[in-house]
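The structure under discussion appears below in the form of structure tokens.
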Amino acid sequence: NTNKGMALVDRDDDGVDLAFRADVLSGLAQDQKAIPARWLYDDAGSQLFEDITQIPEYYPTRAETEILTERGSEFADKIGPGRAVVEFGSGSSVKTPLLLSSIEPAAYVPLDIAGDFLRASAEQLSAKFPGLPVYPVEADFMRRVELPQEVAEMPKLGFFPGSTIGNMVARTSVDLLRTMRETLGEGSKLLIGMDLIKDADVLRAAYDDAAGVTAEFNLNLLRRINRELDGDIPLEKFAHEARWVDDYARIEMHLVASGELSFTVSGNTFEMNEGESIHTENSHKFDRRTSYTLLLAGGWTPVQRWLDSEDRFSLILADA
Ligand code: AVJ
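Residue numbers for the sequence shown follow the UniProt record's numbering, beginning at 2 and rising by one.
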């Protein structure tokens, strides 16, 4: 499934993203209303997430960047030169140059579902590393990806920063890790970021910042539904909430109805009571054992683990 030249998004005659509509309509019909987190990231949502990475309470980006900045020689040592670095969901990553400048890679293969974004950031990166071959691939990395012919013979390093793995429940993340192993092949390595379990107040603040940027990011999903799926959801009647769910070691983002309300989406009516919510994102947190167990279940053997100076975030290197 190379997706070469194929549209990655299925639309109807009115340009409606069919998967988006299906996920929203089925999610809103559930007892606990829930919409998969991937739909938070339209253009506005992706920009708002970039803003989140700059707010004081949101430590993961700074903590992971610190590790990438400070531990370059250890990465070089453990990973070695000459690998093709395959980044899963590269987006507009500012972390990539830090890794690439420490390990002497043979090629860089950014994978992303957003083609325009992908090509723009690939060009920026090429400008920074003139001698490095860059082969962007527009693909859904949740499925096995056929890598470019040019890197077929090179040993691979998968790079999956940002604790994006934490957005998935265990069975989905295990599926993804196994798929990554198939994409990368025998003898490959994986460098993966995983956010750590810590004080619940620190975690909640990271997902409910004082400036309200995360609230905007969450509410933007309703704005997107209204715009793209002909909805009339009253945004002003929803409040952003970040819950720490200790049993599952995860932050859950919800949009909570402030009173009884009803709305329509694509001609379907939904009703909510006061205090009822729409669950919009999970962000799982890990300790050493849970992160290793997840990797092992996905077919990867952990070989090294790095933390930032305040023990907030982990980067783990694993062997296929
Ligand atoms: C992009 C999935 C890593 O879970 O920390 C940030 C997304 N959501 N604030 C995270 C997010 C709310 C973020 N990831």
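Glycine included, each C-beta is placed from N, C-alpha and C at the ideal position.
On a CA-only basis, which of the options is nearest residue i? Give me that one, please.
i	options	result
Leu236	Gly300, Asp210, Glu75, Ser278	Ser278
Val152	Asp141, Met143, Tyr136	Tyr136
Ile226	Ala201, Ser267, Ala243, Leu262	Ser267
Leu191	Leu101, Pro303, Gln150	Pro303
Please report the distance separating the alpha-carbon of residue i from that of residue j.
i	j	result
Ala206	Ile193	24 Å
Val138	Ala115	10 Å
Gln48	Tyr42	8 Å
Asn269	Tyr293	44 Å
Val110	Gly276	45 Å
Asn2	Lys96	Low confidence applies here, because Asn2 scores a pLDDT of 38, under 50, leaving its location unreliable and the question unanswered by this model.
Glu311	Val175	28 Å
Leu318	Gln305	5 Å
Val17	Ile104	43 Å
Thr291	Tyr249	11 Å
Lys79	Leu100	13 Å
Asn168	Leu148	25 Å
Phe287	Asp14	43 Å
Val170	Arg39	13 Å
Leu297	Ile56	34 Å
Val87	Gly159	5 Å
Where do the N-terminal and C-terminal ends of the alpha helix (DSSP H) with residue i fall, by residue?
i	result
Gln48	44-53
Lys157	Here Lys157 belongs to no alpha helix (DSSP H); instead the beta strand (DSSP E) covers 157-161.
Asn274	Taken as a continuous stretch (DSSP letters only), Asn274 belongs to no alpha helix (DSSP H), as it is neither H nor E.
Leaving out five residues on either side along the sequence, give the residues of the same chain with a beta carbon under 8 Å from the beta carbon of residue i.
i	result
Glu187	Ala321
Leu256	Asn219, Leu220, Leu222, Leu223, Phe239, Ala240, His241, Glu242, Ser278, Ile279, Thr281
Near residue i, what residues of its chain come up, given a Cβ to Cβ distance below 6 Å and the 5 sequence neighbours on each side ignored?
i	result
residue 1	Nothing in the structure corresponds to residue 1, since the chain is present only between 2 and 321.
Trp307	Ile68, Arg72, Leu316
residue 343	Because the chain is modelled from 2 through 321, residue 343 falls outside the range shown and cannot be assessed.
Arg182	Gly300, Ala321
Tyr208	Thr215, Ala243, Ile252
Kindly indicate the opening and closing residues of the beta strand (DSSP E) around residue i.
i	result
Arg182	Looking at the DSSP string, Arg182 is not in any beta strand (DSSP E); the run it does join, the alpha helix (DSSP H), is 171-185.
Thr165	No beta strand (DSSP E) contains Thr165, which DSSP labels as neither H nor E.
Asp196	190-196
Leaving out five residues before and five after residue i in sequence, what residues of the same chain have Cβ atoms less than 7 Å from its Cβ?
i	result
Ile36	Asp24, Val25, Gly28, Leu222, Ile279, Thr281
Phe142	Phe89, Gly90, Leu112
Lys5	Confidence in Lys5 is poor, its pLDDT being 45 and thus under 50, which makes the residue's placement too unreliable to answer from.
Ile53	Tyr59, Val214, Thr215, Phe218
Should residue i be flagged as near chain C, meaning a C-beta pair shorter than 9 Å?
i	result
Ala115	Chain labels in this structure do not include chain C; a single protein chain is all it has.
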